[in-house]
Structures are given as structure tokens and as C-alpha cells.
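Enquirer: Residue numbers (the working numbering): 615 to 1015.
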Ligand code: AMP
Ligand code: MG
């Protein structure tokens, strides 16, 4: 039986570097950037106004107040998207708008609210306030200089990051491919939603939850039909899934029962088992194997075991496959509102809920078939064997919601 870190290291060591693909920026949100991007321009590309108002020479309005305004000659107007021909000379000003290029000669913008005009004197503007040089001016390159690193390979493109890349004029970017991830559920007791429940049967639920987590991990789920507990059916189902998918995830059929066929069926297909069993709770009977450059993750059937082993061992692999630099669940330091106890001999990844104040509570009963506590959980806390973490202690919660 492997320790968790050893199991994760074994998995990550076998995941290949992905072949990136080019996608339009509009489809790049949440994808893993596969190239370093150097800013192709100064941002903003030119000095411009931060206000609607007037471009002036700061010296010309020195000492202006409401009681003793200074007046300047209006020499023209520059709208956003235009450029001003000519320059602002001493004694002159130019009507300007937010985002308009600053005309040559001007060194400040006075906001419209600090000015007065008189329709009978359209060439004159009165200034009711002074301005410091370069006030209300946004400088060329102050956001990002031409040639600096705008984004790095390995990061997930957030909404803010694609927004920046759009401002730099990028139409597309190289991103990691998304593994097509097949989902099989094995168990003769499993019934599809919508079908009548038969004696001894239960509704199959793992594929839906895992598909949601696969999508959240940036990969593409593909759900396959239910698999009965026979060696032949399991082998056929695995063959069909591997024919199409980059990664295959199964649930159920990896324990020690004589009707657990995932491992033997996989080996019959020529698959290479890398390891079986990890010293964690829930989820001990976890299987990892390789088949012609593709990967099998055999998860235990108990719904919480499948869910948690996905988060701890499969999600990192799917992230690495896409080229992500950070593959583990985000950690949040939080304080326990109540104690958490693990009397067993394996690390227990307990499902908890972190509230808005950052306090952590058990999400409820921790047994691996209990779904209501999974539904209300948003994080896991790793509690070492034979340990009670007292109320008030700081913990590193692993968040997935
Ligand atoms: P197994 O790992 O096949 O021994 O299954 C362990 C437990 O999980 C059994 O109670 C199964 O009925 C249940 N189980 C297995 N697969 C699923 C599934 N896809 N959906 C819901 N429960 C399942
Ligand atoms: Mg079973």
C-alpha cells in the first residue's frame, strides 16, 4: 500500500507533456496557457486623458480658483479614437474626453466639473481650479511596457487574464489540450436514473458527480453505459472507453471481492497496473494503470471514496495533462470551529464546510456511503492517523468548491 504523496508522485511522473493547441482568445477562459506571452505593445499605447475636460499647460492655470478663474482660448477638440493635429500652445486649451490622446504641448487635463463656459463666448473656457503637471494623464506603457512578461505558461486563464491579453491585441493563444476522460461505473446493482428501482438495486450516482469534477478540472468528460459485474463485460467496456478516450476513470469493482473485475479485465487487455491501494481514508482500493500511453484510474465504488480519490489523485493528473504548473487543490488556511478526530490508522481526508467567516466544521457523518455530508461539503481536511485536531487549531483546507 502506497502513502498518498508516493502515489501522487508516481502518477504525475507518468503523465506526459501535452501537445498544446491554438484557440481563439474568446475560448481561452479557464484553459491552461502553454506559452509565455511578452507584451507586443505599450499599454496604454499612447498618453491619454483620464477625464472628460480640457487639455492644458499646467502653468497656464496656476493659481486658478472659483473666485479668480483663469481663462484660456479653446483651440479645438479631440474625441476618443482621434488624434489632434497641432499642439496646445501657451494660453490655449483643447476639449478632451476620457481615452482621447493627449495633444502635444499639453501636460495636464482639468476635469470638466472644474470649468465654466459661456455660450456667448464659445472660444473661451474659464478654469476654477489649478492642476499639477501630468494630473489626469494616463501614461503610455504605465500598465504594461512593450516586451515585459504579460503571462506565463502553466497558469489558468482567469477572466482577468484573458481581459489583459485582449487589450494587448491577441486574437488567440496556445493552451494545453483537454483530455477526453471516459467514465465507467461498474456494479450489477446500478440502475440508470429514470428507470424503476428493482429489489437490491440503487441509482448510479458516481458518473454525474465525477463528470462535474472533470469539467471543473478543465477536462472533457464522456459518460459510458453501466457495466455489469462480469469479466467479459468489464473488458469490453474498458476496451471501448480506451479506444476513444485519453484517460479512463472507472468506479467500483476494485476491491477484494470475487466480483471485482476492473484490475483483471484491464490486465487481460494488456494494461499495465502501476499500483493498487493507497493509505488514505476514504479510498484505499484505488488503482492506477497505463495502457498504450493512456491512463486508467480505478476508483472505489463508494460514492465518497470515488469523489475524494478523484480530487486527491485524478484531478492533479488531469491538470498536469493540460500543462498546469499547480495541480493540487487550492489550500485555504482556516480555523476549526470544532474538533476533528481520526481514530483510525490511515490519513483521513474529512469532508468539511468552510463558512464565509473562514471557520471549518465537519460536513456531517464521514462514512464513505453518506452523500448528504458530501453535498454540503466544500473542502477536505487531512487529519493524521490517531489524531484529534482541537477546536481553534489552524488547518490547511483543500477546497474544491
Ligand atoms: P464496490 O467498490 O464495487 O465494492 O462498491 C462499493 C459500494 O459502492 C457498494 O455499496 C456499491 O453499491 C456502491 N457503488 C458502486 N458504484 C456505485 C455508483 N456508480 N453509484 C453509486 N453507488 C455505487
Ligand atoms: Mg461493486
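Even for Gly, the Cβ is constructed at its ideal location relative to N, Cα and C.
(1) What residue range is occupied by the uninterrupted beta strand (DSSP E) comprising residue 1009?
(2) Starting from residue 935, trace the alpha helix (DSSP H) in both directions and tell me its first and last residue.
(3) Considering only heavy atoms of the ligand AMP, does any lie closer than 7 Å to the CB of residue 926?
(4) Would you identify the three-state DSSP class for residue 756, choosing helix, strand or coil?
(5) One question on the structure: do residue 744 and residue 677 come within less than 8 Å of each other, judged by their Cβ atoms?
(6) Is the distance from the Cβ of residue 963 to the Cβ of residue 894 below 8 Å?
(7) So does residue 800 have its beta carbon nearer than 7 Å to some heavy atom of the ligand MG?
(8) Count the C-beta pairs between the region 879-898 and the region 908-916 that are closer than 8 Å, then say yes if the count reaches three, no if not.
(9) Buried or exposed: which applies to residue 925, given that a residue is buried once 16 or more other Cβ atoms fall within 10 Å of its Cβ?
(10) When burial is assigned at 16 or more other CB atoms within 10 Å of the CB, is residue 862 buried or exposed?
(11) Count the C-beta pairs between the region 872-885 and the region 935-954 that are closer than 8 Å, then say yes if the count reaches three, no if not.
(12) Less than 7 Å separating the Cβ of residue 984 from some heavy atom of the ligand AMP?
(13) Can we count residue 757 as close to the ligand MG, meaning its CB is less than 7 Å from some heavy atom?
(14) Do you know whose CA, among 891, 956, 1014, lies nearest residue 621's CA?
(15) Using only the alpha-carbon positions, how far apart do residue 851 and residue 637 sit?
(16) Using the Cα positions of residue 884 and residue 856, report the straight-line distance between them to the nearest angstrom.
(17) Going by beta-carbon coordinates alone, are residue 737 and residue 687 separated by less than 8 Å?
(18) So, with DSSP's three-state summary, where would you put residue 977?
(19) For residue 905, collect the residues of the same chain with a Cβ closer than 6 Å to its Cβ; drop the 5 residues on either side in sequence, then sort them by chain order.
(20) Is residue 932 near residue 717, with beta carbons less than 8 Å apart?
(21) Would DSSP call residue 848 helix, strand or coil?
(22) Please give me, in chain order, every unbroken run of the alpha helix (DSSP H) with length at least 4 that falls completely inside the region 798-860.
(23) Under 7 Å from any heavy atom of the ligand AMP, does the C-beta of residue 816 make it?
(24) Nearest to residue 808 by alpha carbon, out of 799, 801, 818?
(25) Could you pull the DSSP bridge partners for residue 765 from this structure?
(26) Using the Cα positions of residue 690 and residue 780, report the straight-line distance between them to the nearest angstrom.
(27) Alpha carbon to alpha carbon, how far is residue 828 from residue 653?
(28) Which first and last residues belong to the beta strand (DSSP E) in which residue 962 is found?
(29) From the DSSP output, in three-state form, read off residue 791 for me.
(30) Is any heavy atom in the ligand AMP found nearer than 7 Å to the beta carbon of residue 988?
(31) Enumerate, from N- to C-terminal direction, the unbroken beta strand (DSSP E) stretches of 3 or more residues contained entirely within the region 650-681.
(32) Does DSSP put residue 706 in a helix, in a strand, or in coil?
(33) Measuring alpha carbon to alpha carbon, tell me which residue in 618, 949, 741, 656 is nearest residue 763.
(34) Put residue 1004 into one of helix, strand or coil per three-state DSSP.
(35) Any heavy atom of the ligand MG within a distance shorter than 7 Å of the CB on residue 912?
(36) Kindly examine the ligand MG and report whether one of its heavy atoms sits closer than 7 Å to the Cβ of residue 897.
Expert: Inspection of the coordinates gives the following:
(1) Following the DSSP letters along the chain, one finds residue 1009 inside the beta strand (DSSP E) bounded by residues 1008-1013.
(2) Its alpha helix (DSSP H) spans residues 929-935.
(3) Incorrect: residue 926 has no Cβ contact closer than 7 Å to the ligand AMP.
(4) Note: residue 756 maps to coil in three-state DSSP.
(5) Against a cut-off of 8 Å, the Cβ pair of residue 677 and residue 744 comes out as a contact.
(6) A contact, by the Cβ cut-off of 8 Å.
(7) For the ligand MG, at least one heavy atom lies less than 7 Å from the Cβ of residue 800.
(8) Judged by pairs of C-beta atoms under 8 Å, the region 879-898 touches the region 908-916, as three or more such pairs exist.
(9) Looking at its Cβ environment, which holds 16 or more other Cβ atoms inside 10 Å, residue 925 is buried.
(10) By the 10 Å Cβ count, residue 862 comes out buried.
(11) Judged by Cβ distances under 8 Å, the region 872-885 makes no contact with the region 935-954, as fewer than three pairs qualify.
(12) No.
(13) No, the beta carbon of residue 757 sits no closer than 7 Å to any heavy atom of the ligand MG.
(14) Checked all of 891, 956, 1014; the closest Cα to residue 621 is 891.
(15) Their backbone Cα atoms lie some 33 Å apart in a straight line.
(16) Taking the straight line from one Cα to the other gives about 12 Å.
(17) Using a Cβ distance threshold of 8 Å, residue 737 and residue 687 count as a contacting pair.
(18) Residue 977 falls in the coil class under three-state DSSP.
(19) Within the same chain, residue 905 has close Cβ partners 856, 885.
(20) No. Outside cutoff.
(21) DSSP, read as helix, strand or coil, puts residue 848 in helix.
(22) Note on the region 798-860: whole alpha helix (DSSP H) runs with a minimum of 4 residues are 820-830, 845-858, in chain order.
(23) At least one heavy atom of the ligand AMP sits closer than 7 Å to the Cβ of residue 816.
(24) Taking residue 808 as reference, the option from 799, 801, 818 with the minimal CA-CA separation is 818.
(25) The secondary-structure analysis by DSSP pairs residue 765 across a beta bridge with 651.
(26) If I take the Cα positions, the gap works out to 32 Å.
(27) Cα-Cα distance, rounded: 33 Å.
(28) Counting along the chain, the beta strand (DSSP E) containing residue 962 begins and ends at 961-968.
(29) Looking at residue 791 - three-state DSSP - the assignment turns out to be coil, as it is neither helix nor strand.
(30) Residue 988 Cβ: outside cutoff for every heavy atom of the ligand AMP.
(31) Correct list: 667-670.
(32) DSSP places residue 706 in strand when its eight states are reduced to three.
(33) The shortest C-alpha separation from residue 763 is found at 656.
(34) DSSP places residue 1004 in coil when its eight states are reduced to three.
(35) Because no heavy atom of the ligand MG lies under 7 Å away, the Cβ of residue 912 does not count as near it: no.
(36) Result no, Cβ not under 7 Å from the ligand MG.
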